[in-house]
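To start, the structure itself, in structure tokens.
Chains as they are written, first to last, in my numbering: chain A, 57 to 345; chain B, 34 to 297.
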């Protein structure tokens, strides 16, 4: 499903003294099957923006088109419910949404809400528990007995159980240890590659952006200030600093090399692989001074 | 919930806002006591004027006072109707079975109505002009004497301030969890009463869990910094008694004197 934002504006508590414009004149497109990262400083409107993706917020002005469905300020709540089935939304610290007695029961909550029979829902729950690599011995345990990383997997499985076409991730690795983060991120990468899920990732971690995303949107103060491929966005470190963003580790390293005289013909590399490749080429070719 | 606890305080630079929270708290309670001294139209008029003057001095729009009364409208109507139909004494205008309207009944109904409106206006004035934390501090100060009879005043005050402090946090959390469950296909707005009651479970359980976790974290954080309730604590927000506070107290004393003189 392609997602298009068209002159989207959103104001919290409009018409009151507390009115706050979180987004204004936001226009960009998320292609089907893409892996889009939305980055920006705290308070830049990222969370507000992605809440439009499954109708938790309705635009104050402008439109959001998701697949065939166009959402404006006048869209009814019933139509929004249909949308929620297609767009899975993994909140920040999603383990806060767990409530059932057992892990499997919690995972089958969404399918049951969307009208699957108990038998089908159980089948889906088992599939998803396997997909997020939850060991079978915790399936019948209370989700509150699990470790932080496992709780997060249960919560994510609970979202995947809706069989969404678009997966929205709001800082999915916040508070996890490095290994847990890597495992979760490669799970999403697998879903993206194997099932063609469109992924929208909100993150502060530029390494994740460099490693996984194929499209980056930079927000600042509620407007889009950058929209392009990671290589384009990360090509200008000064611009990133001006917008309070960092560089991926590899790119920062490459940038220092560049300042010492290395020339990267295809722009600054983003991943270790690219860097190694380019360095090897250069050393062989003897381009460096 | 928002209307009840939070959205109440309205910032303005007025005489009433600047009064000490202790004075305002004490006088609000005192007002409820003296209103029971009223028993004729002169006395009610006197307190009516007092209330009106206080309201005007607060520079807050009358609409907000109406918002304070509105939730209680049914209670007021119920009490007034009860007084109107079931009082006895005085001239009987109308009678039907056990219902009767008498001159005394009408009089009582009007007085009860006035009493309600005046009390609500005065208490609303307190919450509109005093930030919640100042009210908590004021309560603590006023409850001090109870320490003599072993009432855990510091602990009560601490509980009160913590509760007030966490209302916004809890509301954010509620919104977050509601959104998360909405994304999993829960519809909080539609469906039968039974369905909607059932849908509170996925909301309340996560809320309880996170509240307990938060409470535990807070307790650990306080103990780690050596918190002890009790007499040796100093305060960041100092309460200062001004001359105006004394003046207002004296005004109320004068009004009390007048009341006693005017009542039947």
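Heads up, the beta-carbon is just placed ideally off N, CA and C, and yes, glycines get one too.
Test item: CB-CB of residue i and residue j under 8 Å
i, j, result
"residue 272/A", "residue 281/A", "no"
"residue 239/B", "residue 166/A", "no"
"residue 186/B", "residue 173/B", "yes"
"residue 296/B", "residue 70/B", "yes"
"residue 162/A", "residue 154/A", "yes"
"residue 82/A", "residue 109/A", "no"
"residue 196/A", "residue 229/A", "no"
"residue 76/A", "residue 67/A", "yes"
"residue 242/B", "residue 149/A", "no"
"residue 153/B", "residue 105/B", "yes"
"residue 43/B", "residue 97/B", "yes"
"residue 243/A", "residue 205/A", "no"
"residue 102/A", "residue 258/A", "yes"
"residue 88/B", "residue 159/B", "no"
"residue 184/B", "residue 192/B", "no"
"residue 278/A", "residue 100/A", "yes"
"residue 265/A", "residue 93/A", "yes"
"residue 57/A", "residue 250/A", "no"
"residue 293/A", "residue 269/A", "no"
Cβ shell of residue i (< 7 Å), same chain only, five flanking positions each side left out
i, result
"residue 117/B", "134, 138, 139 and 142"
"residue 267/A", "327"
"residue 275/B", "53"
"residue 124/B", "135 and 136"
"residue 298/A", "none"
"residue 186/A", "none"
"residue 92/B", "45 and 47"
"residue 278/B", "52, 53 and 56"
Contact set for residue i: own chain, Cβ-Cβ below 8 Å, skip 5 residues either direction
i, result
"residue 70/A", "116"
"residue 314/A", "320 and 324"
"residue 291/B", "79"
"residue 144/B", "71, 72 and 77"
"residue 212/A", "146, 150, 188, 228, 240 and 243"
Same chain, Cβ closer than 6 Å to residue i, neighbours up to 5 away in sequence not counted
i, result
"residue 253/A", "223 and 247"
"residue 36/B", "Only weak support exists for where residue 36/B lies, its pLDDT of 43 falling under 50; the value from the coordinates is given anyway. Excluding residues within five positions, none has a Cβ falling inside 6 Å."
"residue 145/A", "110 and 224"
"residue 97/A", "300"
"residue 107/A", "113"
Run of the alpha helix (DSSP H) containing residue i, from where it starts to where it stops
i, result
"residue 96/B", "95-102"
"residue 83/A", "No alpha helix (DSSP H) holds residue 83/A; the beta strand (DSSP E) holding it covers 76-86."
"residue 62/A", "Run containing residue 62/A: none in the alpha helix (DSSP H); it sits in the beta strand (DSSP E), 59-68."
"residue 268/A", "262-268"
"residue 228/B", "226-231"
"residue 212/A", "204-216"
Chain B residues whose Cβ lies nearer than 8 Å to that of residue i
i, result
"residue 214/A", "217"
"residue 141/A", "218"
"residue 170/A", "218"
"residue 190/A", "The premise fails here: residue 190/A is roughly 18 Å from chain B at the closest Cβ pair, so nothing lies under 8 Å."
"residue 112/A", "212, 215 and 216"
Where residue i meets chain A, residues with beta-carbon distance less than 9 Å
i, result
"residue 238/B", "154, 155 and 156"
"residue 253/B", "By Cβ distance, chain A contributes nothing, its closest Cβ being about 17 Å from residue 253/B, past 9 Å."
Boundaries of the beta strand (DSSP E) in which residue i is found, first to last residue
i, result
"residue 92/A", "91-96"
"residue 282/A", "279-284"
"residue 127/B", "125-129"
"residue 233/A", "Taken as a continuous stretch (DSSP letters only), residue 233/A belongs to no beta strand (DSSP E), as it is neither H nor E."
"residue 145/B", "No beta strand (DSSP E) holds residue 145/B; the alpha helix (DSSP H) holding it covers 136-162."
"residue 226/A", "222-226"
"residue 186/B", "Premise fails: residue 186/B lies in the alpha helix (DSSP H), 186-216, not in any beta strand (DSSP E)."
"residue 119/A", "117-122"
"residue 144/A", "143-146"
Interface residues of chain B facing residue i [CB-CB closer than 7 Å]
i, result
"residue 145/A", "216"
"residue 166/A", "217 and 218"
"residue 66/A", "Neighbours of residue 66/A on chain B: none; closest Cβ ~15 Å, over 7 Å."
"residue 247/A", "Simply none; closest approach about 17 Å."
"residue 137/A", "220"
Contact list for residue i against chain A, beta-carbon separation under 7 Å
i, result
"residue 243/B", "152"
"residue 234/B", "155"
Within chain B, the residues that residue i reaches when beta carbons sit closer than 9 Å
i, result
"residue 200/A", "242"
Listed by chain order, chain A residues near residue i by CB distance under 8 Å
i, result
"residue 213/B", "145, 147, 150, 152 and 153"
"residue 222/B", "133"
"residue 209/B", "147 and 152"
So, does the region 143-153 of chain B touch the region 108-115 of chain B, judging by three or more C-beta pairs under 8 Å? By the Cβ criterion, the region 143-153 of chain B is in contact with the region 108-115 of chain B, since at least three pairs of Cβ atoms, one from each stretch, lie closer than 8 Å.
Between the region 135-150 of chain A and the region 190-200 of chain A, do at least 3 Cβ pairs fall closer than 8 Å? When Cβ pairs closer than 8 Å are counted between the two stretches, the region 135-150 of chain A is seen not to touch the region 190-200 of chain A, the count staying below three.
Stretch-stretch touch, CB-based, cutoff 8 Å, three pairs: the region 65-82 of chain B with the region 126-133 of chain B: Three or more Cβ pairs closer than 8 Å define a contact, and the region 65-82 of chain B falls short of that threshold against the region 126-133 of chain B.
Take every Cβ of the region 164-173 of chain B, pair it with every Cβ of the region 46-65 of chain B, and state whether three or more of those distances are shorter than 8 Å. Short answer: they touch.
Specify whether the region 248-265 of chain B and the region 221-236 of chain B touch according to this definition: at least 3 beta carbon pairs, one from each stretch, less than 8 Å apart. Touching, no, given that fewer than three Cβ pairs across the two stretches are closer than 8 Å.
Stretch-stretch touch, CB-based, cutoff 8 Å, three pairs: the region 118-125 of chain A with the region 170-182 of chain A: Counting C-beta pairs with one atom in each stretch, the region 118-125 of chain A and the region 170-182 of chain A have fewer than three that are closer than 8 Å, which means they do not touch.
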